[in-house]
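Novice:
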Amino acid sequence: MGNRVLTEQSASISELKANPSRVMREAGGPIAILNRNTTEFYCVPAEDYEALMKRIDELELAEIARARLNDGEKPVKTSIEKLKAEYGLSS
Numbered sequence: 004m005g006n007r008v009l010t011e012q013s014a015s016i017s018e019l020k021a022n023p024s025r026v027m028r029e030a031g032g033p034i035a036i037l038n039r040n041t042t043e044f045y046c047v048p049a050e051d052y053e054a055l056m057k058r059i060d061e062l063e064l065a066e067i068a069r070a071r072l073n074d075g076e077k078p079v080k081t082s083i084e085k086l087k088a089e090y091g092l093s094s
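If you're matching positions, the sequence shown starts at 4 in the working numbering and goes up one per residue.
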């Protein structure tokens, strides 16, 4: 596999070890961490990582919904209120 860098910023492992907070602050976003000029891993700010995980979760739920719509079963009409009552959840 080649050394493809998928971020605008990069830093060496030595720079990251010396001052990780400074490296992340100066990058201002995702940063590639290099070891001997080869991408070793990526550091992603917590906010960006949380947004990424939320998006992945949404895509997985959408796939489940598509599969269920196409499974041949007849949809059941309900409401949020009925589901809350059925599962003992409060409003």
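Idealized CB from N, CA, C, for every residue including glycine. All values derive from a computational prediction rather than experimental measurement.
(1) Does DSSP put residue 93 in a helix, a strand or coil?
(2) Excluding five sequence neighbours on each side, which residues of the same chain lie with their C-beta closer than 7 Å to the C-beta of residue 91?
(3) How big is the Cα-Cα spacing for residue 32 and residue 61?
(4) Measure the alpha-carbon distance for residue 25 versus residue 39 and round it to whole angstroms.
(5) Going by the CB atoms, is the gap between residue 29 and residue 37 shorter than 8 Å?
Specialist: Taking the coordinates as given:
(1) By 1-based counting over the sequence shown, the position of residue 93 is 90. Coil, per DSSP.
(2) Walking along the sequence shown from the start, residue 91 turns up at place 88. Listed in chain order, the non-local C-beta contacts of residue 91 below 7 Å within the same chain number zero, local neighbours out to five positions each way being set aside.
(3) Position 29 of the sequence shown holds residue 32. Position 58 of the sequence shown holds residue 61. Between residue 32 and residue 61, the C-alpha separation is close to 22 Å.
(4) Counting from 1 along the sequence shown, the entry for residue 25 is found at position 22. Counting from 1 along the sequence shown, the entry for residue 39 is found at position 36. Straight-line Cα distance between these residues: approximately 21 Å.
(5) Translated into positions along the sequence shown, residue 37 becomes position 34. Translated into positions along the sequence shown, residue 29 becomes position 26. No. Outside cutoff.
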